[in-house]
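In the working numbering, the protein residues as written are 900 to 1350. Using N, Cα and C, we set each Cβ at its ideal position, and we do this for glycine too. Note that the structure is predicted; figures quoted are calculated from it, not measured. This report concerns only the one structure given below.
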Amino acid sequence: MFDTIITGGLLVDQGRIRRADVAIVDGKVAEVGPDIAGKANRTIDAQGKYVLPGIIDVHTHPVYLDDLQGTSEAAAHGGITTVIHYAYAKPGMKLIDTISQFREEGEAASVLDFALHGGLFDPRNQSEEIPQAVQAGVTSFKMFMTYAKLKWMSDDYQLMRTFDIIAQAGGMGMVHAENGLATDYLQDKYLQIGRDPKEVFVATRPAILEAEAVNRAIAMAQVAGCPLYIVHLTAREDVEVLNLARNKGYRVFGETCPQYLTLTSEEVFKNGALAKIGPPLRSEDDNQALWEGLASGVIDTIASDHAPKPKTREDDFFKAPYGSPSTETMFPVVYDAGVNGGRLSLIRLAQVMSENPARIFGLYPQKGTLQPGSDADLVIVDPVISHTIKQETQHSHATYTLYEGRTCLGKPILSMQRGKVVLENGELHVPAGEGRFLRTNTQKGVKDFFA
C-alpha cells in the first residue's frame, strides 16, 4: 500500500525525460517506473504534465521584508521545495551564534526544508569560527569583494586567510565578486561631475571589473586548495574566466540568477531604485552569454538572490538599498524564457535548479532526484497554463516585482516535500515549522561533482 502515486506524467530526472509513475511511502520515493501496480491512499494524475525533482533555491536572504517564514512561503508558491539561506553575521556578531539563531527560527517557522550558508561580514574576527560551523552542518561561507563604503568588503589578505581556514575545515568558499575599491573610485569621480545617479551606477560597475574579481578569487582559492562557489554571475566576461578555470580542472562553481538572464540595464532607467541590485543588470549580449554558459555546463546553478527591501521607484538612488524579490518568480520565468524560448533544455533546467544544487551542497541523493530512497520532493508543472506576473498576486511582502506584467507559459501546479503536499492549485497546505534543517556537506559534494 502506497501513500501516494503520481501517475501518467513525464518524469524529468537523471538526464532524461520518460513516462514514469512515482510511488511514495513514508515521505520517501518507494518506486519509479511505468504503470506502477498497487493501491495508494491518493493517486495524482499528471497526464500531460512534467514531474521534476523539487526545485532548490540556494541563494535567499530572509532578513529583510520577508523573514524565514515569509521567504519559505514565497518560495513555495513558486514551486520550490528546499531553500538555502544566508545567515549573515554582521560586524560585531558571532558566526556560530548567528547560525544557531537562524536554525532555531527556521525550525520554528519555515514551511520548507532549509540549509544555511555562513555570511562573513567581518572575517578578521569571524573566520576562526568556521571549523565549529562545519561541525554544526554549515559548510559554505560567503565574503564580499565589494561594498567598501558599507564596510562589508573583505580585502585580499582576509580572503586568502579565510580560504585557507575553509579548506582546512573541509568547507567551500563563496564570493560576491566585484572590484569594490575600483568601483567606489569611479562612483566618486562621476558623482562629483553631476551625472545622473542611475547612469553612474551602470557605468561605474562594468563587467570587466566583475570578471577581474572572479579571476582574483579563483586564483586565491586555488592557491589555498579551497573549492569556490561564485554567486550571481552577470556577464559574458565572467563566463570566459570561469570556463578557463574549469578547463584547468579548478574546483570552482558558477551561479547566475533569473534577473541576469532576462533583464537588462534598461530596467534601471525605467524603474529607478527598484532595479538597484548588485551586481547591476547588464546587456542582452550578457543575458545570451549566461544562457550559453548554462547550456554548455560552464555555469552550474540558477538561484534567486531573493532580497526584498522597502523602496520606491522615486527613492534617492544611491541611498536606496540593493535587492529585489525573486524567489517566487524564479522557476516560471526561467522555464518560460529558457525552455519555451529555446535557450535551455528541460533536462538541463532540472539539472541547474535541482540536481546540481543538491550535488554541490552535499544533499544528493536525499534531494535533487527522484530515486527509490530519496526524499519525495517534487514539483508538477503544467506546460500549457499561461499566467501573468503581478505584484498583487505575489506572496512576498515587497510592494513590487521587476516582472510586473510579464506573461509566462508553464506553471507549477503541485509540489510535495517529503511526500506531503506543499502547494496545490495556488494554495499552501503545510504549516509554519514543517521545514527541517538540512546539514550540508560541501566536501562530499565537491568530490562527487568532480569525480
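Return yes when the Cβ of residue j is within less than 8 Å of the Cβ of residue i, no when it is not.
i, j, result
"Val1352", "Ile1198", "Within the shown structure, residues of the chain are numbered from 900 to 1350, placing residue 1352 beyond reach of any answer."
"Gly907", "Tyr949", "no"
"Gly1318", "Ala1275", "yes"
"Ile998", "Ala1035", "yes"
"Gly1414", "Ile1129", "The structure shown has nothing for residue 1414, since the chain only spans 900 to 1350."
"Val982", "Phe1013", "yes"
"Tyr1159", "Thr1228", "no"
"Ile1029", "Phe1020", "no"
"Leu1262", "Leu1337", "yes"
"Gly1124", "Pro1231", "no"
"Leu1384", "Ser1195", "With the chain covering 900 to 1350 only, the question about residue 1384 has no answer from this structure."
"Thr1038", "Gly1018", "no"
"Ser894", "Pro952", "The structure shown does not extend to residue 894, since the chain is modelled only from 900 to 1350, so the question has no answer here."
"His1131", "Asp1185", "no"
"Ala986", "His1016", "yes"
Rounding to the nearest angstrom, what Cα-Cα distance links residue i and residue j in this structure?
i, j, result
"Leu1127", "Lys938", "47 Å"
"Glu1355", "Leu1180", "Outside the displayed range of the chain (900 to 1350) lies residue 1355, so it cannot be described from this structure."
"Lys1050", "Glu1077", "14 Å"
"Gln1025", "Asp1063", "14 Å"
"Lys1266", "Glu1183", "34 Å"
"Lys989", "His958", "18 Å"
"Ser971", "Val1010", "6 Å"
"Asp1215", "Ala1047", "20 Å"
"Arg1104", "Asp1087", "12 Å"
"Pro1282", "Ala1257", "24 Å"
"Val924", "Ala1236", "35 Å"
"Ile1279", "Ser1314", "6 Å"
"Gly1005", "His984", "10 Å"
"Thr1082", "Leu1108", "8 Å"
"Arg1060", "Gly1241", "43 Å"
"Gly1171", "Thr1211", "8 Å"
"Asn1340", "Lys1346", "10 Å"
"His960", "Ala936", "43 Å"
"Val1101", "Val1321", "40 Å"
"Ala1116", "Val1074", "7 Å"
"Glu1323", "Thr942", "14 Å"
"Thr1306", "Thr1161", "13 Å"
"Asp944", "Asp920", "10 Å"
"Ala1007", "Pro1207", "22 Å"
"Arg1145", "Ile955", "23 Å"
"Phe901", "Ile1201", "34 Å"
Over the uninterrupted beta strand (DSSP E) stretch that includes residue i, give me the two end residues.
i, result
"Tyr1056", "Element bounds for Tyr1056: not the beta strand (DSSP E) but the alpha helix (DSSP H), 1055-1068."
"Glu1154", "1151-1155"
"Val1321", "1319-1323"
"Val886", "Here the chain covers residues 900 to 1350 and nothing more, so residue 886 does not appear."
"Ile1129", "1127-1129"
"Val928", "927-932"
What does residue i pair with, by DSSP beta-bridge criteria?
i, result
"Phe1013", "Val982, Phe1336"
"His1075", "Phe1043"
"Ser1285", "Leu1308"
"Arg915", "Asp912"
"Gln1316", "Lys1319"
"Ile905", "Val921, Ile943"
"Thr1200", "Glu1154"
"Tyr987", "Gly1018"
"Leu1327", "Leu1322"
"Asp950", "The residue you asked about is not Asp; residue 950 is Val in the sequence shown. Leu910, Ile1279, per the DSSP bridge assignment."
Any Cβ of chain D within less than 8 Å of the Cβ of residue i?
i, result
"Glu1003", "Checking the listed chains, one finds no chain D in this structure; it contains a single protein chain."
Along the chain, where does the alpha helix (DSSP H) that runs through residue i open and close?
i, result
"Phe1216", "Run containing Phe1216: none; DSSP gives neither H nor E here."
"Ala1230", "The sequence given here places Phe at residue 1230; Ala does not occur at that position. Start and end: 1226-1233."
"Arg1115", "1106-1123"
"Gly1344", "1341-1348"
"Ala1275", "Here Ala1275 belongs to no alpha helix (DSSP H), and DSSP marks it neither H nor E."
"Glu1136", "1135-1146"
"Phe1100", "1096-1102"
"Glu1303", "Glu1303 -> no alpha helix (DSSP H), and no H or E assigned at all."
"Lys1169", "1165-1170"
"Glu972", "967-976"
"Leu1248", "1245-1249"
"Ala1008", "994-1008"
"Leu1193", "1183-1195"
When burial is assigned at 16 or more other CB atoms within 10 Å of the CB, is residue i buried or exposed?
i, result
"Ser1223", "buried"
"Ile904", "buried"
"Leu1143", "exposed"
"Ser1285", "exposed"
"Ala1219", "buried"
"Thr1357", "Missing from the structure shown is residue 1357; the chain here goes from 900 to 1350 and no further."
"Arg915", "exposed"
"Pro1157", "buried"
"Arg1150", "buried"
"Val1099", "buried"
"Ala1350", "exposed"
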